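K.L.:
What follows is a structure written as structure tokens; I'll ask about it next.
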Amino acid sequence: MSLVHIDSQVAVKSELDLLLTPPTQTAIEKGQWLEYHPIANFRDGNPIEFSISGSGEDYIGLSETQLHVKVKILKENAKLGENEKVVPVNLLLHSSFSQVDASLNYRLISSSSNLYPLGSYNETLLNYG
């Protein structure tokens, strides 16, 4: 097998090397969770927008980002009975949003069509079975 670069070293995939002591991460000295709220009230299908600004020396771990949503289930034009059974659909949050766009420094980095729920469902099936 050829090497990626002439100076690269032969290595074993870390997932297969069961006897290797993993390295200790020392680049990040401390971390904190910050709470951000939407910049405007959410009403009647308007976009939910967040503005997360950082400083030059802080790192924002986008892969660690979480969205906390409080959901209230209502019955259209009627009251929900006390003993009435209610079950959410699979992938409730993905099904709740028709489109999700992400921007960094006011530049769009990912966009979706109005088929976001279907795409998310397919991605979940393909990645997690």
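Under my numbering, the letters of the sequence shown match residues 9 to 137, in that order. Positions of the beta carbon are idealized from the N, C-alpha and C atoms, including for glycine. Quick caveat: nothing in here was measured; it's all calculated off a predicted structure.
Between which two residues does the beta strand (DSSP E) carrying S118 extend?
P.N.:
Its beta strand (DSSP E) spans residues 115-118.
K.L.:
For Q107, which residues from the same chain have a beta carbon less than 6 Å from its beta carbon, with the 5 sequence-adjacent residues on both sides left out?
P.N.:
Counting only Cβ-Cβ distances below 6 Å, and skipping sequence neighbours, we find S120, N122, Y124.
K.L.:
If you reduce the DSSP assignment to three classes, tell me which class L82 lands in.
P.N.:
If DSSP states are grouped into helix, strand and coil, L82 belongs with coil.
K.L.:
Would a C-beta distance cut-off of 8 Å place L99 and Y67 closer than the cut-off?
P.N.:
The answer is no: Cβ separation not under 8 Å.
K.L.:
What whole-angstrom Cβ distance do S103 and D109 have, given they're in contact under 8 Å?
P.N.:
With a Cβ gap of about 17 Å, S103 and D109 do not count as contacting.
K.L.:
Smallest Cα separation from P96: which of E90, L82, K21, I14?
P.N.:
Ranking E90, L82, K21, I14 by Cα distance to P96 puts L82 first.
K.L.:
Rank D15, W41, G127, S63 by C-alpha distance to the C-alpha of N113 and give the top, closest one.
P.N.:
Among D15, W41, G127, S63, the Cα nearest to that of N113 belongs to S63.
K.L.:
Over what stretch of residues does the beta strand (DSSP E) that includes L101 continue unbroken?
P.N.:
Premise fails: L101 lies in the alpha helix (DSSP H), 100-104, not in any beta strand (DSSP E).
K.L.:
Determine the direct distance from the alpha carbon of T132 to that of F58, and round the result to whole angstroms.
P.N.:
C-alpha separation (whole angstroms): 25 Å.
K.L.:
On a CA-only basis, which of T29, V94, T34 is nearest V79? Give me that one, please.
P.N.:
Comparing Cα positions, the closest option is V94.
K.L.:
Nearest by alpha-carbon distance to N54: which of Q74, L26, F105 is it?
P.N.:
Among Q74, L26, F105, the Cα nearest to that of N54 is on F105.
K.L.:
Taking C-alpha atoms, which residue in S61, L26, L27, I36 lies nearest to L42?
P.N.:
Of S61, L26, L27, I36, the residue nearest in Cα terms is S61.
K.L.:
State the beta-bridge partners of S111 as determined by DSSP.
P.N.:
Bridge partners of S111: L116.
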